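As structure tokens, the structure follows; a few thoughts come after it.
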DNA sequence: TTGTAGGCGTTATCAT
DNA sequence: ATGATAACGCCTACAA
């Protein structure tokens, strides 16, 4: 902590050149065992560790990958009972990076500082994993022009004709939604189901709607041409959408929501309309955020394997960094059905994998 | 992502010198608004972000702090219900770092790779926060000779005469233990209490024992000269210690353990001896690890404010980095009493702060 | 307000 | 197996 010696000092004291010191510290080859020991010894003696900055500059590789995630749960209260899914992603990313000899730099974007933070991080890493809802699409596109990027659990709405988006890792939206819908039909006997879609153009929402339709088709039920209602991926959006749905006189037996937040809003709107959940209407979400478990009734939903997603995204990023000029990849991991009170299930149960599908 | 342009390219296209570009990107001063816009524009156009490595090398500051934590919960199963305390620390550290313009690099040490990992990280950061049980004392001492270090929730056993240990941030061990002991006495009427100490020389254990004694003194109860038993800070250690205690014929009404893991082991030993908890013996821990809540009976314990500890340690580290030559600092945060079944309390309750004490 | 130029501590290429 | 030495891309006095 005192002096901060350099490779020159170590080389001099070891009686070798800096090149040799560099080789030894890189665990490379081209030196005798004796030399190795000598160098390691003086390095320890001087408490010297190679400067990551100098290394990164010379080798054009920092050995660091960045993980950008949204600063949700701003609440941050110690009472939080549920494992925040972001934490799982972080741990998964750390594990994958460490086992590859890299380290993970983390950054939480609050809507205010997001952009600047992300660019600042971009300069310090070899590549970026960007978690859903961390940044607006524009910023992601901009970032992906500066460093390799892997999108996690989200996709760019507009991955146009000539623009090839970043690599992608996500959960099986279609399969998860299909499994949930099939559950409502097969286990709870619903025949009149409504899908509450997220914002138009959201790939997540579209895939989930597709899964919903597939399940109806599987069961021989009539398949809607479009979602019963649409709203933003927020509580307000869900509440509003359900209010409108009810206003049309529609009374579905089950409402499959595009995500948990919409489902939470749906619960509110239903309560206001004096409809009981799940007695009168079943409600389901997607994501399994912490609030889903705490909701009354507890929300049945579809969980994404966040830890695996974190691991997978870092592995994909590292392979991209190693080989920049390969085709865009996309990995889809299976989801888990989480059934709670809101669909009439007594307690949580877990299904097997929802199946895998290609990207 | 394609080309990776440099400051020279940006300077040339903007018709200014690299020095000016540097000033603009550092949000410094000494340039006209027009120049600023021009530079920012070409930077964006080229998707250029300053290289962190080059910056770090020239400025002798990476803008990154490292956080080293133990890879506990190796289990890593998605079923984990409780917020892992490490995650809270990570989030707190991230928040404090980001708000200071820095980023956080995380690394989980598994007993195997620990040392190498830590040194690799040390080279990439301006300083290190090292969480309890991440590394053996020797490694911590070695690291602290290479970079500024803040110890979190742990302290070096041997901070000898001439060796000044690293800065420290932790919870109020003494106050927390005292509050728990006082609770056992005042609320549950215990008068025969035993303290199960951790390994000799552990500052944590010693402080907790001191708090235990203080509470006895406060209540006018006889104060033991030494802990009733001693063991390592593990389940095995706790089990063994209680077995020995019982073998001596001692039958305390309450056993205050040095940490949660020992308490868990104590539970096992007590069960083996056919003593009921809490009916025959009350048992308490310290830390509030995830397993404490799941134990049967659920373990009463003392929780450390991990998120705040994370924030605090990063702030302290940054101030240390800014001013290396100031006296060693040590910050103590208040703890929380968490009462569950193992002390006869029906459900959890939370006390106010345990008070603050100087380092 | 802006430019010049010397480092910063490694790695990597060529030699030897 | 080892050594010289030119990058690497930026910052920061010092000048202008």
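Chains as they are written, first to last, in our numbering: chain V, 39 to 397; chain L, 39 to 397. Positions of the beta carbon are idealized from the N, C-alpha and C atoms, including for glycine. Only a predicted model underlies this, so the values are computations on that prediction, with no experimental measurement involved.
Residue i and residue j closer than 9 Å at C-beta
i	j	result
residue 133 of chain L	residue 349 of chain L	yes
residue 215 of chain V	residue 316 of chain V	no
residue 369 of chain L	residue 135 of chain L	no
residue 310 of chain V	residue 226 of chain V	no
residue 253 of chain V	residue 217 of chain V	yes
residue 190 of chain V	residue 207 of chain V	yes
residue 335 of chain V	residue 289 of chain V	no
residue 51 of chain V	residue 80 of chain V	yes
residue 323 of chain L	residue 346 of chain L	no
residue 15 of chain L	residue 356 of chain L	Residue 15 of chain L is absent from the structure shown; chain L starts at 39 and stops at 397.
residue 47 of chain L	residue 95 of chain L	no
residue 168 of chain V	residue 128 of chain L	no
residue 87 of chain V	residue 161 of chain L	yes
residue 271 of chain V	residue 241 of chain V	no
residue 89 of chain L	residue 92 of chain V	no
Residues near residue i by beta carbon distance below 7 Å, same chain, minus five either side
i	result
residue 163 of chain V	100, 102, 103, 104, 143 and 185
residue 274 of chain L	303
residue 247 of chain V	233, 235 and 265
residue 239 of chain V	195
Residues near residue i by beta carbon distance below 6 Å, same chain, minus five either side
i	result
residue 68 of chain L	61
residue 209 of chain V	342, 371 and 373
residue 279 of chain V	234, 267 and 269
residue 130 of chain V	345, 348 and 349
residue 325 of chain V	297 and 298
residue 170 of chain V	191 and 192
Residue-chain proximity (residue i, chain V), Cβ-Cβ < 9 Å
i	result
residue 383 of chain L	no
residue 347 of chain L	no
residue 132 of chain L	yes
residue 157 of chain L	yes
residue 364 of chain L	no
residue 102 of chain L	yes
residue 183 of chain L	yes
residue 372 of chain L	no
residue 114 of chain L	Residue confidence for residue 114 of chain L is low, a pLDDT of 41 falling below 50, so the modelled location carries little weight and cannot support an answer.
Any non-hydrogen atom of the ligand PLP within 8 Å of residue i CB
i	result
residue 141 of chain V	Ligands displayed in this structure: none; no statement on the ligand PLP is therefore possible.
Close beta carbons around residue i, own chain, < 8 Å, minus the five adjacent residues each side
i	result
residue 109 of chain V	146, 147 and 148
residue 114 of chain V	Because residue 114 of chain V sits at a pLDDT of 41, beneath the cut-off of 50, its placement in the model cannot be relied upon, and the following sentence gives the value as read from the coordinates. Within the same chain, residue 114 of chain V has no close Cβ partners at all.
residue 175 of chain L	194, 195 and 196
residue 223 of chain V	229, 231, 253, 254, 257 and 259
residue 159 of chain L	104, 106, 143, 145 and 166
residue 358 of chain V	165, 186, 188, 205, 364 and 367
residue 138 of chain L	352, 353 and 356
is_contact[residue i, chain L] using C-beta, thresh 9 Å
i	result
residue 75 of chain V	no
residue 208 of chain V	no
residue 213 of chain V	no
residue 287 of chain V	no
residue 125 of chain V	yes
residue 352 of chain V	no
residue 161 of chain V	yes
residue 93 of chain V	yes
residue 227 of chain V	no
residue 139 of chain V	yes
residue 321 of chain V	no
residue 143 of chain V	yes
residue 129 of chain V	yes
Residues bridged to residue i (per DSSP)
i	result
residue 407 of chain V	Examination of residue 407 of chain V is not possible in this model, given that chain V is present from 39 through 397 alone.
residue 141 of chain V	V:102
residue 108 of chain V	V:147
residue 377 of chain L	Residue 377 of chain L is not bridged to any residue.
residue 165 of chain V	V:103
residue 176 of chain L	None, per the DSSP bridge assignment.
residue 338 of chain V	V:322
residue 268 of chain L	L:235
residue 187 of chain L	L:166
Inset, instruction - Could you tell me which uninterrupted alpha helix (DSSP H) segments, each at least 4 residues in length, are contained entirely in the region 190-264 of chain V, listed from first to last along the chain? - result: 211-224 and 241-256
Inset, instruction - Starting from the N-terminal side, write out each stretch of the alpha helix (DSSP H) that is 4 residues or longer and does not extend beyond the region 67-106 of chain V. - result: 71-83 and 90-97
Inset, instruction - Ignoring anything shorter than 3 residues or poking outside the region 278-309 of chain V, list the beta strand (DSSP E) runs there in chain order. - result: 292-295
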